[in-house]
Amino acid sequence: MSNTPNPVYEKLMKCYESFRSQIDFQPEVALILGSGLGDFANDIRVTATLDYHDIEGFPVSTVPGHAGRFIFGYVGDVPVVCMQGRVHYYEGYPMTDVVLPTRLMKLMGAKALFLTNAAGGIKQGTKPGSLMLLNGQIACFVPSPLIGPNIDELGTRFPDMSQIYDLEFQKIARKAAASLDIDLMEGVYLQLTGPQYESPQEIAMCRTLGADAVGMSTACEAIAARHMGMRVIGISCITNLAAGISPQPLCHAEVQEAADMVAPQFKKLVAATIQGIAKTL
């Protein structure tokens, strides 16, 4: 690696130093809460919070339903850091800023990343309020977060992505869902840039490519996490049927409403899964 300073890495380390100067906490599991799922934070035994505005240089979410702070605390006896609100590529941030929070949580000490999102359902049989365990992803419609000079301190230049979503974590989530009597579908998530919802023709394309759910986040974060050696699990809350599958026009309020409806089940599933995966770290 050349001695030229890498501005992406320097920004990340500035954020890390800013975090360290304010918070003394080492999480094992990092959790990103998607649209409408922010109130999972109420179920965490909170020891500290840190507003994104209070971290030097940190990208701040502009989307309704995304609170914009880190929460530190415990799910059962598992130390977690939880992002209450994420930043999205469609907000105008460079992709390196979109994944900065993921990288920062790894530097904090998290070994596993639990991704959640609100997604449009493509798979036959999905309905608003369905939960889908992610077993794969398609990310080639958004820029890779790894474009640019490789940051050797974070990971290798050409990281393997043959198993992005951890197989052992998937087993744990299935078991947790069964014990809680929660229906858990499985499928492949495809990330598009947004912010417009997809056209029916784009959804037809996604379906042809093998996607079961579509959204505007998550896949880029999973790539950044795997690059750094984190183990990853993802669960989508299917908040609407994707364009061309549903006769209704799509709107953000509908997404919030469906997410709120399924939130109690989703929160139970996330909590049980976190406690299961912590035992394997």
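Start counting the sequence shown at 70; every next residue gets the next number (the numbering used here).
Note that beta-carbon positions come from the ideal geometry of N, C-alpha and C, so glycine has one too.
- The beta-carbon separation of Gln-206 and Tyr-143, rounded to 29 Å, does not stay under the 8 Å limit for a contact.
- With respect to the C-alpha of Ile-241, the residue from Ile-343, Asp-108, Ser-90 having the closest C-alpha is Ile-343.
- Residue burial is scored here from C-beta neighbours: Gly-198 has at least 16 other C-beta atoms within 10 angstroms and is therefore classed as buried.
- Judged by DSSP in its simplified three-state form, Ser-305 adopts strand.
- Judged by DSSP secondary structure, Ser-231 falls outside any alpha helix (DSSP H); it is assigned neither H nor E.
- In this structure, DSSP gives Glu-97 a state outside helix and strand, which the three-state scheme calls coil.
- Judged by their CB atoms, Ser-213 and Ile-101 are not nearer to each other than the 8 Å cut-off.
- Annotation: the continuous beta strand (DSSP E) that includes Arg-138 extends over 138 to 144.
- When C-beta atoms of the region 271 to 281 are compared with those of the region 159 to 166, fewer than three pairs fall below 8 Å, so the two segments do not count as touching.
- Apart from sequence neighbours up to five positions away, the residues of its chain that approach Lys-244 with a beta-carbon distance below 8 Å are Gly-345, ordered along the chain.
- If only uninterrupted beta strand (DSSP E) runs of at least 3 residues are considered, those enclosed by the region 238 to 310 are 254 to 260, 282 to 284, 300 to 310.
- The criterion of a C-beta distance shorter than 8 Å is satisfied by Val-115 and Ile-140.
- In the assembly as shown, Glu-222 is an exposed residue. Its beta-carbon has fewer than 16 other beta-carbons within 10 Å.
- Around Thr-195, the same chain offers Ile-307 as residues with beta carbons nearer than 6 Å, after the five sequence neighbours per side are excluded.
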